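**Student:** Shown below is the structure under consideration.
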Amino acid sequence: RRCEELDRLSARAATGVRRLAPLREEYDRVARLATLAAGTSADNERKMRLESYVLAARLEQVAAAATARLRRMSSGRYTLVHSDDRSGRGRSGLGLHVVDAWTGRERDTATLSGGETFFASLALALGLADVVTDEAGGVRLDTLFIDEGFGSLDDQTLDEVLDVLDSLRERDRSVGIVSHVADLRRRVHAQLEIVKGRSGSTVRQRGPA
Numbered sequence: 271r272r273c274e275e276l277d278r279l280s281a282r283a284a285t286g287v288r289r290l291a292p293l294r295e296e297y298d299r300v301a302r303l304a305t306l307a308a309g310t311s312a313d314n315e316r317k318m319r320l321e322s323y324v325l326a327a328r329l330e331q332v333a334a335a336a337t338a339r340l341r342r343m344s345s346g347r348y349t350l351v352h353s354d355d356r357s358g359r360g361r362s363g364l365g366l367h368v369v370d371a372w373t374g375r376e377r378d379t380a381t382l383s384g385g386e387t388f389f390a391s392l393a394l395a396l397g398l399a400d401v402v403t404d405e406a407g408g409v410r411l412d413t414l415f416i417d418e419g420f421g422s423l424d425d426q427t428l429d430e431v432l433d434v435l436d437s438l439r440e441r442d443r444s445v446g447i448v449s450h451v452a453d454l455r456r457r458v459h460a461q462l463e464i465v466k467g468r469s470g471s472t473v474r475q476r477g478p479a
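Residue numbers for the sequence shown follow the working numbering, so the first one is 271 and each next one is one higher.
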């Protein structure tokens, strides 16, 4: 009788193992997908998370849109490109490099000067607005405010940046500049001037209404 009981239990165990086999295969498949999406799988050559991979594709679009304006601001010198360079714990990041037409080399954006960093950031903001507008089903970003940064630009670069901003205005977009740079007063005709006083600040309009 004891042998019969052991045989019965053994048969039940074997049946249970067979039933678990498909679940084990499904678990292994899901686990492989999870590690692949997390960027920890040996099959993930870039060591990039799934969300980072999707964002990288968008970043390439933004960089391409930004480059169209960055070239104008930099007199054709700089182009923005997405970088897959690994950083941190060996995972690819969402980096940006500039290609310098003067040297023919690609380098990190951290090597840009203060003024160059400003107009590169401005070009990225405008590129992002373009991509959002193109993919948002007709939604337009019609107003853009830029806070400071103009003081780091030389006269030639300032003219080139303002030419780009003027081209936005000509396309029915409103551009607001927040700045203490006195030279902008003669270049921007419609102004709101903040005047400090003992009882508080007041707003004074200058130029066209």
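Ideal Cβ positions, reconstructed from N, Cα and C, are used throughout, including at glycine. These numbers come from a predicted model, not from an experiment.
Would you grab the beta carbon distance between alanine 460 and glycine 477 for me? Rounded to a whole angstrom, and I think it's under 8 Å.
**Tutor:** As a working note, residue 460 is residue 190 in the sequence shown. As a working note, residue 477 is residue 207 in the sequence shown. Sure, about 4 Å apart at Cβ, within 8 Å.
**Student:** What does the alpha-carbon distance come out to for the pair glutamate 296 and leucine 303?
**Tutor:** Along the sequence shown, one-based indexing puts residue 296 at 26. Along the sequence shown, one-based indexing puts residue 303 at 33. Spanning the two alpha carbons is a distance of roughly 11 Å.
**Student:** Give the secondary structure of serine 345 by DSSP, where H, G and I count as helix, E and B as strand, and everything else as coil.
**Tutor:** For the purposes of this step, residue 345 is taken as the residue at position 75 of the sequence shown. Reduced to three states, the DSSP call for serine 345 is coil.
**Student:** Can you tell me which of the three DSSP states arginine 359 falls into?
**Tutor:** In the sequence shown, counting from the first residue as 1, residue 359 sits at position 89. Because arginine 359 carries a pLDDT of 48, less than 50, the predicted location of this residue cannot be relied on, and the following value inherits that uncertainty. Reduced to three states, the DSSP call for arginine 359 is coil.
**Student:** Taking the C-alpha atoms as reference points, what is the distance between glycine 360 and serine 322?
**Tutor:** Working through the sequence shown from its first residue, we reach residue 360 at position 90. Working through the sequence shown from its first residue, we reach residue 322 at position 52. Residue placement at glycine 360 cannot be trusted, given a pLDDT of 44 that sits under 50; the coordinates are not used to answer.
**Student:** State yes or no: is the C-beta of histidine 352 within less than 8 Å of the C-beta of glutamate 386?
**Tutor:** Position 82 of the sequence shown, counting from 1, holds the residue named residue 352. Position 116 of the sequence shown, counting from 1, holds the residue named residue 386. In this structure, glutamate 386 does not lie closer than 8 Å to histidine 352 by Cβ.
**Student:** Work out the CA separation of glycine 421 and glycine 470 for me, nearest whole Å.
**Tutor:** Position 200 of the sequence shown, counted from the start, is the residue given in the question as residue 470. Position 151 of the sequence shown, counted from the start, is the residue given in the question as residue 421. Their Cα atoms are separated by approximately 26 Å.
**Student:** Any chance you could list the alpha helix (DSSP H) runs of at least 4 consecutive residues sitting entirely within the segment 356–419, in chain order?
**Tutor:** Runs found: 384–405.
**Student:** Please tell me whether aspartate 354 and histidine 367 are closer than 8 Å, where the distance is taken between their beta carbons.
**Tutor:** Mapped onto the sequence shown, residue 354 falls at position 84. Mapped onto the sequence shown, residue 367 falls at position 97. No. Outside cutoff.
**Student:** CA-CA distance, arginine 443 and arginine 342?
**Tutor:** Along the sequence shown, read from residue 1 onward, the residue named residue 443 stands at position 173. Along the sequence shown, read from residue 1 onward, the residue named residue 342 stands at position 72. Cα to Cα, arginine 443 sits roughly 19 Å from arginine 342.
**Student:** Given a threshold of 16 other Cβ atoms within 10 Å of its Cβ, counted over all protein chains shown, does threonine 413 qualify as buried or as exposed?
**Tutor:** Residue mapping note: residue 413 aligns to position 143 of the sequence shown, counting from 1. Result: exposed.
**Student:** Can at least three beta-carbon pairs, one atom from the segment 278–292 and one from the segment 305–325, be found at a separation below 8 Å?
**Tutor:** Not touching, per the Cβ criterion.
**Student:** Tell me valine 351's beta-bridge partners as DSSP assigns them.
**Tutor:** The count along the sequence shown starts at 1 and reaches residue 351 at position 81. Partner(s): His367.
**Student:** Work out the CA separation of leucine 435 and valine 332 for me, nearest whole Å.
**Tutor:** Here residue 332 corresponds to residue number 62 of the sequence shown, with the count starting at 1. Here residue 435 corresponds to residue number 165 of the sequence shown, with the count starting at 1. About 18 Å.
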